[in-house]
Structure formats: C-alpha cells, structure tokens
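Undergrad: Before I ask anything, let me first share the structure, which is written out below as structure tokens.
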Amino acid sequence: MRVVLLGPPGAGKGTHAARVAGEMSVPMVASGDLFREHQKNDTSLGRLARSYMERGVLVPDQITIDMVMDWIVKNENKGGFLLDGFPRTLTQASALEESLGAGSGIDRVLYIDVPIKVLIRRLSGRQVCGSCQSIYHLEFSPVKSIGECDNCGGGVYQREDDKKESVLRRLEVYRTETEPVIEYYRNLKILVDVDGDNDVKDVEMTLMEAIKS
Ligand code: AP5
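Residue numbers (numbering that gives the first Met the number 0): 0 to 212.
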C-alpha cells in the first residue's frame, strides 16, 4: 500500500507518520527529515536546502524530486511506503505519478487539516530531538526533563523555521503551492479528510481507520 500524508505545517504529520507506517508494515520517509539529515551531515544538498528552509519557502522541485525518488528506489519491494510531506507541489505530484505508473500510483492520501490559529500555537511551542527526531510541545507534550529527549536523552531544540516570520511564510506557501495538490488527489477520489484539531489519540484512531477502510 502506498500512502501520502498531507497537511499544513504543524498539522501533526510527523507526530503520526511512524505509527501509521508501523500499522501498515511499510517504510516511511519525511522529505523535511531527509533535508535535515543532509544538513546535519553538512552535505552540499543540506547546505543548499538550508537556505530555502530557513526562509520558510520550498526547496526547488527537481532537487526534492530527485532526493525522494532515490529513497523510493532504495525502498522498493517492501510492500509499499508512506510519504510525509511529499508531494507538496503539482510538479512533484506529476513526477511521482510518472515514476509509479498507472493512475497516481498512490492508494490513499490522508489529509490532516487544522485551523490556522491552532497551527501557529503548535509550531511556536514545538521542540524536536536533534538525535532521534522525536517531537514534543512546550505545552501539549513537554519533555520530562528540561532540554532532554525522553526517548534517547538527546538535546531538544526549536526548529529555525518555527520562528514567527518563517511560520507565516510557510503557511502562505502551503496555501499557494500545496492546496492545489489536495484538490488534485481529491479529484482522483483517493483523499480522506482527517480532522487534526483533536486529541492526538483521537487523530491517530481516525488515521488508522482511514488506512484500513
Ligand atoms: P517539513 O519538515 O515537512 O515541515 P512541514 O510540512 O512544515 O510540517 P511540520 O514538520 O512543521 O509539521 P507536522 O505536520 O509534521 O507537525 P508535527 O507532527 O511536528 O518541511 C520543512 C521544510 O523543508 C519546508 O518548509 C521546505 O523548505 C522543505 N521541504 C520539505 N518537504 C518539501 C517538499 N516536498 N518540497 C519542497 N520543500 C520541502 O506537530 C507540530 C506540533 O504540534 C508538535 O509540537 C506536536 O507535538 C504538536 N501536535 C501534533 N498533533 C497535536 C494534537 N493533536 N494536539 C496537540 N498538539 C499536537
């Protein structure tokens, strides 16, 4: 089964992606995490991506498409995959379709939607572990020991692009670039709407039901 997880910045894609992929027994990848991994390793791709990510704009399509397609090729024959945050432009959606063949090649698109006010609150309080990428929130899901990841003890930090100006820019980019992708998949009748403005456990349950339906 091939599944795409879509939604605005802060909708909860990262919070739920690993568990949903686990339930489906398929590998998952988040395009944002791939870029952050390149930055951590100080690769030329990482340095290039940083200059876009810090400003809250999308990394150019061809760079993103090549990176994600490379991951897909390496993870072929594992019963499917879950993509978090890709595709997020119509050009990326077409490239994915071309490479997978027949129809969109995607079985289901889970679209998590959350009102803008809630997104801003979530992003401004988010903390992420620099080692294992676990996600926390200062108010909604704080770490037990200040500055330390509950899972691995690594340091937690605020993402550069979670600062106010970047957040507003990301929401605007989402509206202009990614909302058309939602409509594209809705027209193909493979999109399932998920209300993300609920308790984490309730959202998770809705996502699980959506992949089983
Ligand atoms: P990326 O890393 O993909 O960021 P994003 O899409 O903006 O999504 P986020 O990671 O911000 O949010 P999320 O939905 O995962 O929310 P989370 O679960 O953390 O992309 C970053 C950048 O990389 C882009 O701006 C771009 O530059 C580049 N990029 C990536 N992909 C690209 C692509 N395809 N093309 C071009 N460029 C690309 O949750 C947020 C917070 O809310 C957390 O603190 C969490 O604890 C909390 N929370 C979650 N759910 C709930 C809930 N139900 N109740 C209360 N709190 C909750």
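All C-beta atoms, glycine included, are put in the ideal place defined by N, C-alpha and C.
Below 8 Å between beta carbons: does that hold for Leu81 and Leu118?
TA: Within the sequence shown, numbered from 1, the residue matching residue 81 stands at position 82. Within the sequence shown, numbered from 1, the residue matching residue 118 stands at position 119. No.
Undergrad: Quick check on the DSSP output: what are the complete alpha helix (DSSP H) runs of length 4 or more inside the segment 71-104, in order along the chain?
TA: You should have 89-99.
Undergrad: Could you have a look at Glu138 and say whether DSSP puts it in helix, strand or coil?
TA: As a first step, residue 138 is located in the sequence shown; it is residue number 139 there, counting from the start. Of the three classes helix, strand and coil, the one that applies to Glu138 here is coil, per DSSP.
Undergrad: For Leu44, which residues does DSSP report across the bridge?
TA: Stepping through the sequence shown from its first residue, residue 44 is reached at position 45. Note: Leu44 sits in no beta bridge, so no partner.
Undergrad: With distance defined between alpha-carbon atoms, name the residue in Met207, Arg174 and Asn186 nearest to Pro114.
TA: Locating residue 114 in the sequence shown gives position 115, counting from the first residue. Checking every option, the nearest Cα to that of Pro114 belongs to Arg174.
Undergrad: Quick check: what's the CA-CA separation for Val199 versus Asp83?
TA: Within the sequence shown, numbered from 1, the residue matching residue 199 stands at position 200. Within the sequence shown, numbered from 1, the residue matching residue 83 stands at position 84. Roughly 17 Å separates the two Cα atoms.
Undergrad: Considering only residues of the same chain and omitting the five flanking positions on each side of Ile210, which have a CB-CB separation below 8 Å?
TA: The count along the sequence shown starts at 1 and reaches residue 210 at position 211. So the list reads Met0, Val2, Val19, Glu22, Met23, Arg107 and Leu109, once near-sequence residues are dropped.
Undergrad: Whole angstroms are fine: how far does the CA of Gly79 sit from the CA of Asp69?
TA: Within the sequence shown, residue 69 is the residue found at index 70, counting from 1. Within the sequence shown, residue 79 is the residue found at index 80, counting from 1. When rounded, the distance between both Cα atoms is 15 Å.
Undergrad: So what's Gly11 in DSSP terms, helix, strand or just coil?
TA: As a first step, residue 11 must be located in the sequence shown, where it is residue number 12. Coil.
Undergrad: Following a CB-centred definition, is Gly129 positioned closer than 7 Å to any heavy atom of ligand 1?
TA: Start at 1 with the first residue of the sequence shown, and residue 129 comes out as number 130. The closest heavy atom of ligand 1 lies 7 Å or more from the beta carbon of Gly129.
Undergrad: Can you tell me whether Asp192 is helix, strand or coil according to DSSP?
TA: To locate residue 192, count along the sequence shown from 1; it is residue 193. Three-state result, Asp192: strand.
Undergrad: Nearer than 7 Å: is that true of the beta carbon of Gln91 relative to any heavy atom of ligand 1?
TA: As a first step, residue 91 is located in the sequence shown; it is residue number 92 there, counting from the start. Yes, the Cβ of Gln91 comes within 7 Å of a heavy atom of ligand 1.
Undergrad: Considering only heavy atoms of ligand 1, does any lie closer than 7 Å to the CB of Lys163?
TA: Within the sequence shown, residue 163 is the residue found at index 164, counting from 1. Flag unset: Cβ of Lys163 not near ligand 1.
Undergrad: What beta strand (DSSP E) runs, 3 residues minimum, are completely inside the segment 115-194?
TA: 125-128, 134-136 and 190-194
Undergrad: What residue from Val193, His15, Pro26 and Ser30 has the CA that sits closest to Asp112's CA?
TA: The sequence position of residue 112 within the sequence shown is 113, counting from 1. Of the residues Val193, His15, Pro26 and Ser30, the one whose Cα lies closest to the Cα of Asp112 is Val193.
Undergrad: Under 7 Å: does the beta carbon of Phe80 sit that close to some heavy atom of ligand 1?
TA: Looking up residue 80 in the sequence shown gives position 81. No; taking the cut-off as 7 Å, the Cβ of Phe80 has no heavy atom of ligand 1 nearer than that.
Undergrad: Consult DSSP for Met27 and reduce its assignment to one of helix, strand or coil.
TA: Working through the sequence shown from its first residue, we reach residue 27 at position 28. Strand.
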